[in-house]
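Reading through the structure tokens given below for one structure.
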Ligand SMILES: NC(=O)c1ccc[n+]([C@@H]2O[C@H](COP(=O)([O-])OP(=O)(O)OC[C@H]3O[C@@H](n4cnc5c(N)ncnc54)[C@H](O)[C@@H]3O)[C@@H](O)[C@H]2O)c1
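Numbering (our numbering), first residue to last: 1 to 383.
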């Protein structure tokens, strides 16, 4: 296979990011597969107009996803729609035999996620992955290599956070992401949670139990028509988990924080891993800075390293230059296309999230809802 033809279902914020990533595929230097967007489906005319301006003239532009799925040119689809539509559209794509890049939370709830995974089991020929781009930042790729080489020693603690201030303004009009019937009961966990779980889950540090504290901060928002609408999703979530490390057979605390109302944070994804031999931390607030502390007796000092374009998939950009959000999106798509064309991922951390990993997040968030409701520590159901 030398090209992968993609269709997009849901051409909004994330659908446009894919069109942009595909348009600069020439940025990648060592790909054996090219990725092309050959069609898009959205229910809003304005969105379709943007795509019509930016896609080839023979692209399939439609408001009916079934038409896109029936287009024989489409080999894979990216489905980036509100969460209540995940189950129906992901399953339709899988049943049509299209490879799937889904979006988180990969089903609005545990039941929808289980139905999507059951559908995938019926169609083993389909490769399905879930979008999550932050691990492709070069500093996180370095941390990943430290995990692979077991440089941390016994894991003492992991903190993974995704903090926004996008909802700090109580007068920001409501949209589907603030309404449980479209976004789901998980609220901010469904929106931000998979991003914080990706690296720990891929490392094998699965949570055994959880104590969650969830907050609804803004309960009503302007509806855009002069009235107010109930904003019934969780704004902020803090989860304290006991996770197990298969390498050492020990357990350790993991803190997951997902917040839409985090003053001072615009869009900050971060991870800190503390081990007996080494610690590392990274935050997108300082996107090229990696901090590492190695301890072998003697002084304990954090080292600050400026990372450059040390990407999982090499690019034309000079090694000294900065890396950003849209670069991470391009890397993630490179990982998806490469895995489909080569039949396997290049490495553990240069790969997209597996459906089974989304199932872990659903079990975690379902237990977190129960933990908050009862004020107790709840077990996270094993796979
Ligand atoms: N990976 C990331 O960093 C990231 C960031 C934001 C959102 N997301 C996820 O992406 C998905 C979409 O979020 P978004 O921010 O792009 O939302 P969005 O509202 O910007 O876009 C969703 C699009 O889906 C369209 N749509 C709705 N119903 C449809 C239907 N029946 N058929 C076709 N199109 C339909 C809407 O018209 C809209 O254009 C969600 O699952 C969200 O959690 C991921």
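All C-beta atoms, glycine included, are put in the ideal place defined by N, C-alpha and C.
Rounded C-alpha distance that separates residue i from residue j
i	j	result
residue 376	residue 12	39 Å
residue 161	residue 46	34 Å
residue 145	residue 203	11 Å
residue 6	residue 98	9 Å
residue 305	residue 279	13 Å
residue 271	residue 163	12 Å
residue 260	residue 166	6 Å
residue 284	residue 235	21 Å
residue 143	residue 101	25 Å
residue 89	residue 65	8 Å
residue 134	residue 303	22 Å
residue 136	residue 308	12 Å
residue 380	residue 207	7 Å
residue 69	residue 96	7 Å
residue 345	residue 205	20 Å
residue 53	residue 209	49 Å
residue 362	residue 181	17 Å
residue 58	residue 8	15 Å
residue 48	residue 301	53 Å
residue 30	residue 55	24 Å
residue 321	residue 315	11 Å
residue 378	residue 242	11 Å
residue 343	residue 332	16 Å
residue 293	residue 158	14 Å
Under 8 Å between C-beta atoms of residue i and residue j
i	j	result
residue 353	residue 198	yes
residue 357	residue 168	no
residue 218	residue 170	yes
residue 106	residue 287	no
residue 10	residue 92	no
residue 36	residue 63	no
residue 109	residue 185	yes
residue 115	residue 87	yes
residue 248	residue 155	yes
residue 273	residue 349	no
residue 253	residue 222	no
residue 73	residue 50	no
residue 393	residue 192	Given that the chain is displayed from residue 1 to residue 383, the structure contains no residue 393 and the question cannot be resolved.
residue 330	residue 84	no
residue 138	residue 311	yes
residue 233	residue 183	yes
residue 132	residue 214	no
Near ligand 1: residue i beta-carbon under 7 Å from a heavy atom
i	result
residue 83	yes
residue 188	no
residue 111	no
residue 47	yes
residue 333	no
residue 15	yes
residue 104	yes
residue 78	no
residue 127	no
residue 279	no
residue 43	yes
residue 65	yes
residue 205	no
residue 176	yes
Helix, strand or coil at residue i [DSSP, three-state]
i	result
residue 295	coil
residue 225	coil
residue 127	coil
residue 365	helix
residue 106	coil
residue 63	coil
residue 3	strand
residue 122	helix
residue 245	strand
residue 310	coil
residue 211	strand
residue 276	coil
residue 154	coil
residue 236	strand
Cutoff 8 Å: residue i Cβ touching any chain C Cβ
i	result
residue 131	Of the protein chains in the structure, only one exists, and it is not chain C.
Near ligand 3: residue i beta-carbon under 7 Å from a heavy atom
i	result
residue 186	No copy of ligand 3 occurs in the structure displayed; its ligands are ligand 1 alone.
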